[in-house]
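Numbering (my numbering), first residue to last: 1285 to 1583. Note that CB positions come from ideal geometry on N, CA and C, so glycine has one too. If you're wondering where the values come from, they're calculated on a predicted model, not measured in any experiment.
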Amino acid sequence: MHLYDVYRNPLVAGEENVNYEDAKKIVIDALSIMGENYVSKLKEAMDNRWIDVYEKENKRTGAYSMGVFGVHPYILLNFINSSRDISTLAHELGHSMHSYYADTTQDIFNSNYTIMVAEVASTVNEILLANYQIKNEKNDLKKAFLINEQLDMFRATLFRQTMFAEFEKIVHERIEAGESLTSDNLNEIYYDLVKKYFGDITINDEDIKYEWARIPHFYSNFYVYKYATGITSAIVIASKILQKEEGFVDKYIEMLSKGGSIDSLDLLKSVGVDLEKSETYDIAFEYFKENLEELKKLL
Ligand SMILES: [Zn+2]
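Rendered as structure tokens:
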């Protein structure tokens, strides 16, 4: 397997069509574990035109959520009835609920959450949805498809973004040490990291050394590591929700309600996520391992 083979079709096929009405039901059922207050807000968003659902001429692509202080959040989707669109809906609603709780609790100066916690609420929702779908899927191949999606998210978000972060760290250190950087240096640093992270598992063709040049995030300082810390935090939080830890959902909603009023690391500590401890990352890797074992069994 060459590295570029990772971008081939999913390892397990299982893509299904789903219409928007069904997607809404699935998301609400999957997130019902968050309790009545949260679900009533989801329904409010769905029933009161917070979401622009379908593609149309001249509409921008992709999906995002935007909080509007004093009004309510808005979501842009480009829903094309694919099963991937269900997780996008759950993801963007995670952002919107975060904005909603923060905007209605904090003043305008403290309502905006930091990038450090921005992808936590959205990823928590994606994991809760995946867990719900995997649990309720009777067909082994479809179940394998869903699990593979989780593994792929982990690879792309935790593993690969950490490699990116290490690249960025090395580059900045060289500049700080007064050394100069050439494209050859950057290629070499990148290629060494690919070999370090992927080892003998993939064939690491030399051309991959140019890949850094096409990653737009490197032009904003130290952005990429937040993907890795975000998904790690989300896995820990989602596990606590799924284990129905006493009073945890309320604690989590309280964390969302704090917006940007306190330091990001302290905010995450308030829901039991300590990003300065290696055990936190062990929980994330355990999640990967469990899913991998399950996939092996199913295949
Ligand atoms: Zn997002």
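Assumed close pair G1433, K1427 - CB separation to whole angstroms, cut-off 8 Å: Residue numbering aside, residue 1433 sits at position 149 when the sequence shown is read from its first letter. Residue numbering aside, residue 1427 sits at position 143 when the sequence shown is read from its first letter. Looking at the sequence shown, residue 1433 is not Gly but Glu. At roughly 11 Å, the Cβ-Cβ gap does not stay under 8 Å, so E1433 and K1427 are not in contact.
Have a look at F1569 and E1490 and give me their C-alpha separation to the nearest angstrom. For this step, residue 1569 is matched to residue 285 along the sequence shown. For this step, residue 1490 is matched to residue 206 along the sequence shown. Their Cα atoms are separated by approximately 29 Å.
Of all residues in the structure, which have a C-beta closer than 6 Å to any heavy atom of ligand 2, taken in chain order? Here the bound small molecules are ligand 1; ligand 2 is not part of this structure.
Report all residues from its chain with a CB closer than 6 Å to the CB of F1448; omit the five preceding and five following residues, and keep chain order. Start at 1 with the first residue of the sequence shown, and residue 1448 comes out as number 164. Cβ neighbours of F1448 beyond the five flanking positions: V1508.
Short of 7 Å in beta carbon distance, which residues of its chain neighbour I1297, apart from the five on each side in sequence? Order them along the chain. Within the sequence shown, the letter at position 13 stands for residue 1297. Correcting the residue identity first, residue 1297 is Ala in this sequence and not Ile. Correct list, in chain order: F1429.
Compare the beta carbon distance of N1590 and L1315 with 8 Å and say whether it is the shorter of the two. No answer is possible for residue 1590: it lies beyond the span of the chain, which begins at 1285 and ends at 1583.
Does the stretch 1353-1362 come into contact with the stretch 1334-1345, if we say contact requires no fewer than three beta-carbon pairs (one atom in each stretch) closer than 8 Å? yes
For K1561, which option in K1524, E1578, T1513, L1579 has the closest C-alpha, if you only look at C-alpha atoms? As a working note, residue 1561 is residue 277 in the sequence shown. Closest by alpha carbon: T1513.
Where S1545 falls: helix, strand or coil (DSSP): In the sequence shown, the residue the question calls residue 1545 occupies position 261. Reduced to three states, the DSSP call for S1545 is coil.
Thinking C-alpha only, which one of S1467, Y1416, Y1288, V1478 is nearest I1370? By one-based count along the sequence shown, residue 1370 stands at place 86. Out of S1467, Y1416, Y1288, V1478, Y1416 has the C-alpha closest to the C-alpha of I1370.
Could you check which residue in M1539, A1329, A1440, E1457 has the C-alpha nearest to that of T1389? Your numbering for residue 1389 matches position 105 in the sequence shown. Nearest of M1539, A1329, A1440, E1457 to T1389, Cα basis: M1539.
Using a 10 Å radius around the Cβ and a threshold of 16 neighbouring Cβ atoms, would you call Q1445 buried or exposed? Position 161 of the sequence shown, counted from the first residue, corresponds to residue 1445. The residue is buried, with at least 16 neighbouring Cβ atoms inside 10 Å.
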